[in-house]
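S.K.: The following block contains the structure, expressed as structure tokens.
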Amino acid sequence: MPEMERVGLLFGSFNPIHNGHLMIANYMLIEIPFDEIWFVVSPQNPFKKRESLASEHNRIEMVNLAIADFNYFKAIDVEFKMQIPSYTIETLKLLREMHLQIEFSLIMGSDNLQNFHKWKNYHEILENYKIVVYPRKGFNINIEHSNINVIKAPIIELSSTYIREKIKQRKKINFFLPEKVYQYIENNTLYK
Numbered sequence: 001m002p003e004m005e006r007v008g009l010l011f012g013s014f015n016p017i018h019n020g021h022l023m024i025a026n027y028m029l030i031e032i033p034f035d036e037i038w039f040v041v042s043p044q045n046p047f048k049k050r051e052s053l054a055s056e057h058n059r060i061e062m063v064n065l066a067i068a069d070f071n072y073f074k075a076i077d078v079e080f081k082m083q084i085p086s087y088t089i090e091t092l093k094l095l096r097e098m099h100l101q102i103e104f105s106l107i108m109g110s111d112n113l114q115n116f117h118k119w120k121n122y123h124e125i126l127e128n129y130k131i132v133v134y135p136r137k138g139f140n141i142n143i144e145h146s147n148i149n150v151i152k153a154p155i156i157e158l159s160s161t162y163i164r165e166k167i168k169q170r171k172k173i174n175f176f177l178p179e180k181v182y183q184y185i186e187n188n189t190l191y192k
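So for the sequence shown, this note's numbering puts the first residue at 1; every next one is plus one.
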């Protein structure tokens, strides 16, 4: 029987995708190791407000621009075709049905793990999928389970919220974003 491909799923609004996302994804690729990392662009996180969210088209386009030169990264818009708000368990089940030869793992920050018990059917996720957790400043790991792998990744204090705020203030944020994403935001006057 051929060995299954290992894919890490990094869910997010990616509003916008930034260098911190790419650094975490690259770290996971090296350290776990995964064969690929898939960026699952969420139409709307059930725990977040929609008002500052760029369109689905803009966000998937920015992810595609950010990862275009890396064949081990992939942008996934599967949740765009699902009911909103989308729930991780439903996405995981759908991806597993679509890709029987792939073993999927969920990648999340310790901030998300802290609220994991609020997720729809979180026990089912915990029992059926491996979860790789990277540290976020100020958030402790509060769950122990054989399917949870806490890694000592570098703590990256960069957020899409911070970037959006600085764009509104007309600050120079070139080095926080991949160049193509920065140009896309400028050309489409996003977040202003």
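For glycine and all other residues, C-beta sits at the position ideal for the given N, C-alpha and C.
Between residue 72 and residue 120, which are expected to be in contact by the criterion C-beta below 8 Å, what is the C-beta distance as a whole number of angstroms?
M.R.: The residue given as residue 72 occupies position 72 in the sequence shown. The residue given as residue 120 occupies position 120 in the sequence shown. At roughly 30 Å, the Cβ-Cβ gap does not stay under 8 Å, so residue 72 and residue 120 are not in contact.
S.K.: Check residue 55 in the structure and name its three-state DSSP category.
M.R.: The residue given as residue 55 occupies position 55 in the sequence shown. Residue 55: coil per DSSP, three-state reduction.
S.K.: Among 14, 6, 158, 7, which one has its Cα closest to the Cα of residue 181?
M.R.: Taking the first residue of the sequence shown as position 1, residue 181 is located at position 181. With distances taken between Cα atoms, residue 181 lies closest to 14.
S.K.: Once you ignore the five residues that flank residue 80 on each side, which residues in its own chain have a CB closer than 8 Å to its CB?
M.R.: Looking up residue 80 in the sequence shown gives position 80. 41, 43, 56, 60.
S.K.: When you compare each of 125, 176, 108, 175 to residue 9 by their alpha carbons, which one comes out closest?
M.R.: Position 9 of the sequence shown, counted from the first residue, corresponds to residue 9. The residue with the shortest Cα to Cα distance from residue 9 is 108.
S.K.: Should the segment 164–173 be regarded as contacting the segment 138–155, the criterion being three or more beta carbon pairs within less than 8 Å?
M.R.: No, because fewer than three Cβ pairs between the segment 164–173 and the segment 138–155 fall closer than 8 Å, the two stretches do not touch.
S.K.: Under 8 Å by Cβ, that's how I've got residue 66 and residue 178 pegged, so tell me the actual separation to the nearest angstrom.
M.R.: Locating residue 66 in the sequence shown gives position 66, counting from the first residue. Locating residue 178 in the sequence shown gives position 178, counting from the first residue. That belief holds up - the Cβ atoms of residue 66 and residue 178 are roughly 4 Å apart, short of 8 Å.
S.K.: Taking 9 Å as the CB-CB limit, is residue 80 close to chain C?
M.R.: Of the protein chains in this structure there is only one, and it is not chain C.
S.K.: Straight-line CA distance for residue 185 to residue 58?
M.R.: Locating residue 185 in the sequence shown gives position 185, counting from the first residue. Locating residue 58 in the sequence shown gives position 58, counting from the first residue. So the two alpha carbons sit approximately 9 Å from each other.
S.K.: According to DSSP, which residues form a beta bridge with residue 39?
M.R.: By one-based count along the sequence shown, residue 39 stands at place 39. Note: residue 39 sits in a beta bridge opposite 10, 75.
S.K.: Let me confirm a value: residue 68 is counted as buried when at least 16 other C-beta atoms fall within 10 Å, else exposed. Which label applies?
M.R.: Counting from 1 along the sequence shown, the entry for residue 68 is found at position 68. Result: exposed.
S.K.: As a quick exercise: from 114, 104, 110, pick the residue whose alpha carbon is nearest that of residue 127.
M.R.: Start at 1 with the first residue of the sequence shown, and residue 127 comes out as number 127. Checked all of 114, 104, 110; the closest Cα to residue 127 is 104.
S.K.: Express the C-alpha separation of residue 12 and residue 27 in angstroms, rounding to a whole number.
M.R.: Sequence index remark: in the sequence shown, residue 27 carries index 27 (1-based). Sequence index remark: in the sequence shown, residue 12 carries index 12 (1-based). The straight-line gap from Cα to Cα measures roughly 17 Å.
S.K.: With DSSP as the reference, label residue 28 as helix, strand or coil.
M.R.: Stepping through the sequence shown from its first residue, residue 28 is reached at position 28. Residue state, collapsed to three classes: helix.
S.K.: Going straight from the alpha carbon of residue 142 to that of residue 36, what length do you get?
M.R.: Counting from one through the sequence shown, the residue named residue 142 turns up at place 142. Counting from one through the sequence shown, the residue named residue 36 turns up at place 36. Those two C-alpha atoms are separated by around 28 Å.
S.K.: Please look up how many angstroms separate the CB atoms of residue 52 and residue 164, rounded, as I've assumed it's under 8 Å.
M.R.: Position 52 of the sequence shown, counted from the start, is the residue given in the question as residue 52. Position 164 of the sequence shown, counted from the start, is the residue given in the question as residue 164. Confirmed, about 6 Å.
S.K.: Is the beta carbon of residue 110 closer than 9 Å to that of residue 133?
M.R.: For the purposes of this step, residue 133 is identified with residue 133 of the sequence shown, where counting begins at 1. For the purposes of this step, residue 110 is identified with residue 110 of the sequence shown, where counting begins at 1. In contact: residue 133 and residue 110 (Cβ atoms closer than 9 Å).
S.K.: Taking only runs of the alpha helix (DSSP H) that begin and end inside the segment 58–143, which ones reach a length of at least 4 residues, in chain order?
M.R.: 88–98, 110–114, 122–128, all fully within the segment 58–143.
S.K.: Just grab the DSSP bridge partners of residue 149 for me.
M.R.: Stepping through the sequence shown from its first residue, residue 149 is reached at position 149. BP columns for residue 149 point to 132.
S.K.: With C-beta atoms as the reference, is residue 106 less than 9 Å away from residue 130?
M.R.: For the purposes of this step, residue 106 is taken as residue 106 along the sequence shown, with counting starting at 1. For the purposes of this step, residue 130 is taken as residue 130 along the sequence shown, with counting starting at 1. Yes, they are a contact pair.
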